[in-house]
Every structure is written in C-alpha cells, then in structure tokens.
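Worksheet: the structure to be examined is printed underneath.
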Amino acid sequence: MEKKASEDFSKTQKVLKRSLFIILLNCFILAVPFNAFAFESVFEQNYTLVLSFKNAKMEQILDAISEQSGIKIAYSTEELATNKSVSVDIKTSDIKEALSAVLGDGYTFKQIDNYIAIAKKAKDEVQSTIISQADDRPWTVQGQVLENSEPPYPMAGVNISIKGTKLGTISDQNGYFSIKAKRGDILVFNFLGFKEYEYVVSRAISNLSVSLSEDSETLDEIIVTGFSEEKKLNTISSVSSLDISKNLTTKPITSLSQSLQGGITGLNVTQSSGLPGADAATIKIRGISSLTTNSDPLVLVDGIPMDMNNLDPNTIESVTVLKDAAAAAIYGARAANGVIVVKTKRGTPGKVNVSYNGYFGIQKATYLPEFIDGAGYMEMLNAANTNIGGDPIYSQEEIDNTRKGVDPVKYPDVDWADFLFKTGSVQSHSVSVSGGSNLARFALTANYLKNEGLVEKANSDRINIRANTSVSLLDNLSVNMDFNSYRTNRQEPMYRDGAYTSSIISYMYSTPPNTVTRYPMKEGSDIVFYGNRPEQRNPAALIDRGGQFKALEDNVSINIAPRWEVIPKLILRGQYSYRVSSSATNRQRAAYNFFDYTSDALLETWSSINNASKDRSSYYYVGATAEYTFEKDKHRLFVIGGYNQELTNNGDWDQWSMVSVFGKANYTFDRRFLLEATVRRDGSSRFGKGNKYGVFPSVGAGWNIHEEKFIKSAKWLNELKLRASYGLLGNENIGLYKYQSLINSSNGNETTYGNPDITWEKVNMLNVGADIRILKDINITFDYYDKLTTDLIITPPISYVGGIEKVPMNAGELRNRGWELDLNYNKQITKDFGFNIHGGLSQNKNKIEELYGGPYDNGDNINTVGYALKSFYVYPTAGLLQESDFSKDESGNWIPKDGVIIYDGQQPGDIHYLDTNKDGKITTDDRVIRGDEQPKLNYFANISLDYKKWSLEVLFQGVSGVDAYYSEPYSFGLSTSGDGQTPLSVQTNYWTPTNTNARYPRIAPNSTYGNNNHRSDFWHFDASYCRVKYIQLGYLFDQMGLKKIGISNIRVYINAQNPFTFAKEKLVDPESRGQKNSYPLVKTYSMGVSLNF
C-alpha cells in the first residue's frame, strides 16, 4: 500500500516538475520583452553603496562598487589610470553618483547588456558638463504614465508638475511625457479619481514608468464579479467587498475564512475547531438553503472554483461576496448558496517591489473544562453510590491523603485538561517579488506556514507558491499565465485506526483525576507503566503508544487567460485551467504490551497498525466570454456573453461535468436609471436524462436618486440609490448518481434505488436595497431579502419492500427571510489623526414551508412545516423533583403524589419532565420544539485609529438568539466503570436534601439512574456571545535612513486573536459549542513584521 502511495506521489512530483517548467517558461517569456526594460533600468535601481577609502587604488574602489551593487564594470586600462590613488567617502544608492565620485567628470557610463562600460568623454562633452554644472542646468525626465490595471492602459491628460512650483506638463494620448527638473525636485503626478504619486528626481532618465492606482474615495468602487468588473455606481446587485487592508493583509491568519468573520454583513462564519490544518469553518450566506445537500457558497479564485482556505492570504487582492440573485445568477446552478469571488494580486508596471511578511505567535485554548480535583471526585462517587443504596467506594483516609497530596503515586490527583493541552505556536513567512513594464508584469510569492497544536503530535505545515505573469503581446492583446501550488502536511495523534485527536480528547473527560499518568520507572526495566483504565484509555498511554496519523496533500494548478480588445470596447476573453490534486494518508502504531505496575501482570496487548491510502483527482476548465460597452450621450450599455465547461475526475472512478452558456446586460440612462438582466443555462451530469439542463434568469432595476436635479442641492447627500432584483438560482451540488440505482458488485443486489426524475433545487430570491452616502464619510447599505428554496431534495422512508428503504426526491420548500445593515464611517480629523468605524448587523429567519412525508425526527432535532430547519425537539421540564412531590410506601420507596408524572425510577432530585399530552406518562410524545441552532442576529464592529505612524485596531464579532443544549459530560451521570464521566467543578452544585435549589440533578453512578440524560430544555443554554476577534497595535517606520539601505518601510505589530469572549454561559466555547470530543478554538498572541524594499 505504501508503495502505491509512493508511486502516486511520484506522479504528482512529475506534475510539479512540469509546472515548475511552466514557471521558468513564463519567466523566459516575460524576460524576452523585459530585457530591454531591465537592462536600461540598471542606473535606476537603488543600491546600498558605502565607500570609505583613503589613498586607495582606483581599481580597488571600482571592485568594491561592483561587489556591493552586483553589477560588473568594464573599462580599458589604457583610458583609465587604475593605479591612480583616490580618496572617497560616500554613502549613496545611486551607482552613477558613486562612479562620478571616484572618476570625476571626465568619464561617461554606458550600460551594455548587464554590465557598465566606462569610457573617456570627448573634449566637447567634458566642456558641456562643466558648463552644465556651472549653470545648474536641469535634467530631462521622460517616461510614460500607465493605469494600474490588467493590462495597463496609457493615461492621457495626467498632470505632471514640480512640487512647490508652477512648472509642469501633461501626458500625451499615449501616456508619454517629458519635463525638465533638477536633482532633488519632486515630480507630482495627478489625475482626477486616481491616487497622487510622487517621484524624486536624482538623475536624467528616459524611460521612467509611473503606475497610477484608482482612488476608491473619489472614484466609483470597482466590484469584481468573476466574469467582469463593474463600477458599483452602475450595479443593482447586493454585493459586499472585504476590506483587504484591515481584514487580511495586516492580520496573522492561517486561512481566508478567518478573515471573512466579522468583515461582511450577511455572511455567517462559524469556527468549530482549532485543530492545525483543519479549518473546520462553516460559511453561510443568508442562511441555510437546503435540508440534505451542501449549503456552502461557491468560491471562485481568479474565475476558477477551488478551496479558498489553502490560499496564501498575502496573494489576495480582493474578496467580493455576491449575495442576491442579480449578482449570482450568472453562475446559475452553483449559486444557490451565494458566491465568494477572490482575485489574486498581479504585477504592476514600475520598479521591482520586494516585500516580506512574517509573524510568530503562541496559542492557548479559548475554553477548557475545569474538572473536579481528585478528592472531590472521590467524594462525589461515594455520594453517587450512596444515592442508589450502595456503599462508599473510598475511605475518608484515602480522600484526605489525596487532598493533602501525601503520595502522588498511591493517591494521584491529575488535572487531565492541564496534562493534555499545552501551549501551541504558529508562524508564517512570506516573500513577494513583483514588478514589470507595460510589456510584461509578474508577481511571485512564496509562503511557509507552520502550526504546532495544543495537543502533542497534532501539527501541520503548508508551503504555497504562486506565480502570476501578464504579457502584452500587442497593444490590444495580452495573456495572463498563472501558476499556483501548495503542499500541506498534517499530523494527529492516533489511538487506533479511525480514532484520532478528538477521540483522545473524549477520553480526557472520562479518565478520573485519581488515575496515575505514568508510574515511575522500575529499576532495571524499560517498561513504562500507565494508570489502569479499561482498554488502557489513559490519555498518557494514548499519546505515547497510540501512534500517529499523517496526511499529505499536493495541489498544482495552472491558469491561462488571454484578452483581446478586437475594437475599442469589444473584448474577447478566454480561460483554460487545469488542476491536479494528490493526497496520501498513513496510519502507524507500534505494538505494545501493557503491564500492571503492582503485579507486573500483562493487562493488554496493542497490535501494530501500518495502513496507507491514496487519492488523486483532476479538474479541467475551459471558458470564453465576449463583452461590449456602448456609451453615447446619456446612454451606457454593457453586455457580456460566454460559455464554459468543467470536468472533475476523482481517483475512485467518480467523475462529473458541467457545460454552461450565459449572458448579461446592464443598461444605464443618464447615470440615474439602471436596468439589468441575466440568464444562464447549465447542464450537469449529476442528473438523469430529461433533467440535465436548467435555466436560471434574473432581472433588476435601480435608481440613483442623487443624480436627480431636485436633490442635487442637498450637498450633504453624496449618494442615494434604490435597487430591487428578483431571480432564480440553482443547486446542483447534490452528490453523484442519485438518478441511478446502484448494484452491489459482490452479490448483484440493488443497494441504492435511484430516482431518474430528480432535478435541481431552486432558489427564488427577491432583494430590495438602498445605498446611501452622506457627508462624504458615512456609507450606509441596507438590504431586505426573501429567499425561497423549492424542490428540496429529501429521502423520505418508504416501506421496506425489495430491500429499499429510501429514495431521493424533490418534495419540499424552505424559506429564509432577513435584512442586513452595513455602516461605515471614515474620517481624517487632522493630518496626523484619523479613524474608521465599520459595523454590520443582519437578521435571518428560517422556516420550512412544505415537506413531504414529514415531520422527520432524528431524536434530537426535527424538520417539520412551520418551524426552522433542524429545530430542537426536547422534553419540556419544570426544574427538579422535590421530596414534596413524593410520599413513601411501607418499604421506603418514593411514590409520586397525584398529579406528579414521572419517568420510571425517578425520585427527588431528578429532572421534572412535563406530561404535555396529558396521557398520564412521560414518553417521546411529550416532546416539544424549543429553538434552533441558527443565530437570529449576527453583528460585528471594526474600529481602527491612526495617529501619525501608529495604528490601533479592534474587531468585535458576535451572535444573538442562538439556542444550544449541553450533552455529555455536562448532562450525564457518573460511572464507576468503562468510559465514565469525570465531573466538572460546577457540578458540585448538585441536588441533595439540603441543597434543593441546585443547578444539577442528584448524582448517580451512571446516566440510567433518574433518566436525567434525555435531551430536555433543562440542559438548554443561550449561546449568544460577543467576542473580541482581534486587537492589533502597529507602528510604521519609513524614515529616510531606511531608504539608504534599500528599505522603503517597516511595519511592526503585536496582535491578539480571540483574547476575550463575553457570554452568559462559561462551560463551553459559545462559538463552536464543542463539548466532549471537540478540539478547542484557540486564542493567539503574536508579533509580526512587514518589510517593503
């Protein structure tokens, strides 16, 4: 098996090698047109040149310049008196300045390929130089201004001026300019709607490349929708963009889902585990849209569906969430649960930029159980036995000795939570290089992430490499060629095959505190003795002898996307993507014999485990679009149409495919009235003949009221847009082959009965919203939506005839209704001080409208018409039974009084269940619906302050109206054998005849006594919480001294993630609500640095 896994990875390595070849090929393609740019720009580069020589030979000094700059210097010894002694003391980043300081004015420097040639100036040149210096004659600076876009467009009409003067010029229609300036002058580049750019003149230059970026504060925000980019002014869709600078680039996060939490209104992200390498985040956009199928949103990275959590956050340029039908309908059958569009960074024209981002942090659990100590446990177990008429197990002397710590071997007292969980760590290091010209651009990023978990042997590491290149083959033809690869390596402790970290954590709950971890070593023996538990489920033994689970995954993808502007405003795009993933798992455990410490008797033998498995999958995508923008007078029309097909192959012979055509039109009249229509037709192999194809349309309208004459006089109102949309989306992610009956290959019997008529789940969505901007600094967005899912796929039970129990069918409706409010206030108070407050509030209500064959009850949850999905179905209670509810018979047995209905065997101190159906007994028919696990309200607030070079940011995130129920070990009784439950310290508040107002029922040896372990509202708790997700304090160093050593700026910061949580209940983490077998969430305290060279 291991050999096969090795062979599989050998194949993956070949793919890696081919992909690396593609990188080199891209670099070569980039280098061919880039050579001239690169070689001509040798004199433009910044170097760290420190020359301090006294009476040194000129040859020695030139060698020092060559060594410090990395540039070869060529000269003729006949023209250059290299033996001449020269004194020089200079620190500079300008190689010409250094050479002039050594050689004087009688020489000229010329670049030939990748070296500098030194030659004597002609006499007239020397004379010209002398005259120039005497007159302080300005230099000529020439270059081109380009828009920071892909591809970069020349910018005409850019104002270029010398700061502090009235001198200036304007770029021509091709973006070229020429201006005279002296050394030290600052050139200021200005264009309406773009960020100002400054350039310090240090020498004459003929090929300066300046890239201007859009200013989102003064220009309409650009929304990336995947197939196109649109101005927010012209859209009628409900979309939200993540603030990358605040939620991503400055945060020590390990996955993109972490940054989405508390960043976008209407997006509910719940972390359920902090296990390294297992993000375990649940992402929902506007509630849950399906009963049985996947409700995760579609994630697109540069237009291609993929897992976003293995992306390096440093490579992400923008994240946009498409929430309503108008925005998502262009993705049709895959957009029922919303769409998350991720765009990665690309190179921009200009100098080569090098940056480093890294951090290191320590991690602790947000919540850990507080177990009772050894003596307390012994007392509770005695009481539990006494409650059922038994004898105490432990003597008072044993209890006292345990409490006093007389002998830790004979009277152990172990806090198993403290033993099992340690301090973890996380570190990340990322290096990025980007740059280029208008002919070719590149962005290369490498990242290493390592996470040491809270539990021994639980760790992960990841390596990411992304290379994005863009080449302009012609003025109107360009191509993007991208490569992305990552390798993840994850390990967990293993108790047995299939039982990993969570299983070991569950045994922490069931191991009594008076159990020895490891006995002292016996003299002359290398045997490790462990405290005895059934099947040796002592966490120390599980960690030491249980072995390890290892999972390795390699993922490589390439993406090629040409762009051809056939005529102005008519653009054709293509895209081809290929991705291959390979994974291998290994489970190893050495054989081990467990012996009794006292008698040396053999207790149990664990056999060895050595299993391996492998998997391989591939994905293909081919697509093309055509878009055209027509603008005349007051009319603007944007249309786009396209085609794409996808094929996914899994290593276990599963495969599925899709083919799609789509179109969209957006019309704007006089910047006031907006109309939009979208339609997509999808075909999916997941459905049978006659049901493979579906059509998904949407329409929308908007009104920019702020453009109306009657309101333009209100200067305080900068934007007021009303918009509405309605559309149909689909869900094709239902699993494979539900339309086919499956046959067991070993016996020929039908094992699954397919339904050839099964079809798409459909989501009909209405959205009404408003976008408001006042006083230029306050932005308000409000949306109301009504989202109805029809043709829900369910599997109702049928009569067990012919061996078939369930058949999938479309038979149900589910509605989500809600609203979203987003507020953003950004203010620059003074030159040195500014702040930003961004908050979001959203509400979603979920209700089943129709359900064939319901209700469906799984014991704890129920799906039934009129209630929320997966509502809690519990026994209603009225506190605890008291002695006043009973009388005693002649034998001393407790007899309930008239009107008091109990479960069999109950007595004072047990939970008082209510007989809701009045049949005189407590049965499952008495259960009622009490709440559901979906939050009624989600909210966040991001507050950032900037003062000079300091920045402080705090992010709050929380939910309200969340119902939850305690399960074991919080609601179960003790057990004197097997996997018993160790009480928590709070459970000392249990019922006794003298403590009748207790929080917990009377204690018993196990959960069968008193029937107190049923899912009832007695164990209900409010899981609402408010959590401080991040606190970060940073400082920016950008002094001129740094620039002399080649560093533009350095930002250092300290960060606390999940440091504080405010909740009513303190026993579990309210976000994950994880209990007995859950790996806890983590709080991280880190330090980081960002360097830009």
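The working numbering applies: residue 3 is where the sequence shown begins, and numbers increase by one.
All C-beta atoms in this analysis are idealised placements derived from N, C-alpha and C, irrespective of residue type, glycine included.
By DSSP, does residue i sit in helix, in strand, or in coil?
{"i": "residue 332", "result": "helix"}
{"i": "residue 934", "result": "strand"}
{"i": "residue 476", "result": "strand"}
{"i": "residue 238", "result": "coil"}
{"i": "residue 397", "result": "coil"}
{"i": "residue 510", "result": "helix"}
{"i": "residue 695", "result": "strand"}
{"i": "residue 3", "result": "Summary for residue 3: the model assigns pLDDT 42, below 50, so the residue's position carries little reliability; its value from the coordinates is reported in the next sentence. Coil."}
{"i": "residue 847", "result": "strand"}
{"i": "residue 1044", "result": "helix"}
{"i": "residue 833", "result": "coil"}
Measuring alpha carbon to alpha carbon, tell me which residue in the options is nearest residue i.
{"i": "residue 676", "options": "177, 143, 238 and 98", "result": "238"}
{"i": "residue 917", "options": "910, 911, 926 and 909", "result": "926"}
{"i": "residue 382", "options": "1059, 1006 and 1034", "result": "1006"}
{"i": "residue 514", "options": "547, 457 and 377", "result": "377"}
{"i": "residue 856", "options": "813, 897, 825 and 633", "result": "813"}
{"i": "residue 844", "options": "457, 498, 1061 and 959", "result": "959"}
{"i": "residue 485", "options": "1008, 582 and 940", "result": "582"}
{"i": "residue 1031", "options": "1024, 961, 490 and 985", "result": "961"}
{"i": "residue 830", "options": "642, 173 and 946", "result": "946"}
{"i": "residue 1020", "options": "832, 950, 943 and 930", "result": "930"}
{"i": "residue 407", "options": "516, 625 and 315", "result": "516"}
{"i": "residue 782", "options": "937, 478, 180 and 720", "result": "720"}
{"i": "residue 1076", "options": "1094, 1014, 968 and 1037", "result": "968"}
{"i": "residue 556", "options": "628, 635, 495 and 467", "result": "467"}
{"i": "residue 264", "options": "609, 249 and 302", "result": "249"}
{"i": "residue 156", "options": "211, 614 and 692", "result": "211"}
{"i": "residue 163", "options": "191, 149, 175 and 495", "result": "191"}
{"i": "residue 738", "options": "723, 760 and 722", "result": "760"}
Would residue i and residue j qualify as a contact pair, given that the criterion is a beta-carbon distance under 7 Å?
{"i": "residue 214", "j": "residue 229", "result": "no"}
{"i": "residue 658", "j": "residue 619", "result": "no"}
{"i": "residue 204", "j": "residue 96", "result": "yes"}
{"i": "residue 279", "j": "residue 397", "result": "no"}
{"i": "residue 345", "j": "residue 226", "result": "yes"}
{"i": "residue 875", "j": "residue 865", "result": "no"}
{"i": "residue 764", "j": "residue 792", "result": "yes"}
{"i": "residue 1072", "j": "residue 1037", "result": "no"}
{"i": "residue 243", "j": "residue 322", "result": "yes"}
{"i": "residue 491", "j": "residue 554", "result": "yes"}
{"i": "residue 327", "j": "residue 731", "result": "yes"}
{"i": "residue 447", "j": "residue 600", "result": "no"}
{"i": "residue 64", "j": "residue 100", "result": "no"}
{"i": "residue 898", "j": "residue 904", "result": "yes"}
Report yes if the C-beta of residue i is less than 6 Å from at least one heavy atom of the ligand GDP; otherwise report no.
{"i": "residue 577", "result": "Within the structure as shown, the ligand GDP is missing, as the structure has no ligands at all."}
By how many angstroms is the C-alpha of residue j removed from the C-alpha of residue i?
{"i": "residue 539", "j": "residue 531", "result": "13 Å"}
{"i": "residue 1082", "j": "residue 884", "result": "37 Å"}
{"i": "residue 130", "j": "residue 108", "result": "Residue placement at residue 130 cannot be trusted, given a pLDDT of 46 that sits under 50; what the coordinates show is reported in the next sentence. Roughly 11 Å separates the two Cα atoms."}
{"i": "residue 890", "j": "residue 1017", "result": "29 Å"}
{"i": "residue 919", "j": "residue 928", "result": "6 Å"}
{"i": "residue 811", "j": "residue 311", "result": "33 Å"}
{"i": "residue 1110", "j": "residue 391", "result": "Shown here, the chain extends from 3 to 1095; a query on residue 1110 therefore has no answer."}
{"i": "residue 288", "j": "residue 671", "result": "31 Å"}
{"i": "residue 118", "j": "residue 67", "result": "11 Å"}
Please return the same chain residues whose Cβ sits closer than 8 Å to the Cβ of residue i, not counting the five positions on each side in sequence.
{"i": "residue 542", "result": "421, 519, 520, 532 and 533"}
{"i": "residue 456", "result": "276, 365, 366, 367, 423, 424, 425, 426, 1081, 1082 and 1084"}
Here's a check: name, in chain order, each residue in its chain whose Cβ is nearer than 7 Å to the Cβ of residue i, leaving out the five neighbours to either side.
{"i": "residue 674", "result": "705, 706, 709 and 710"}
{"i": "residue 372", "result": "986 and 987"}
Among the residues of its own chain, which have a CB less than 6 Å from the CB of residue i, if the five just before and after it don't count?
{"i": "residue 201", "result": "189"}
{"i": "residue 1001", "result": "991"}
{"i": "residue 819", "result": "788 and 847"}
{"i": "residue 624", "result": "578 and 647"}
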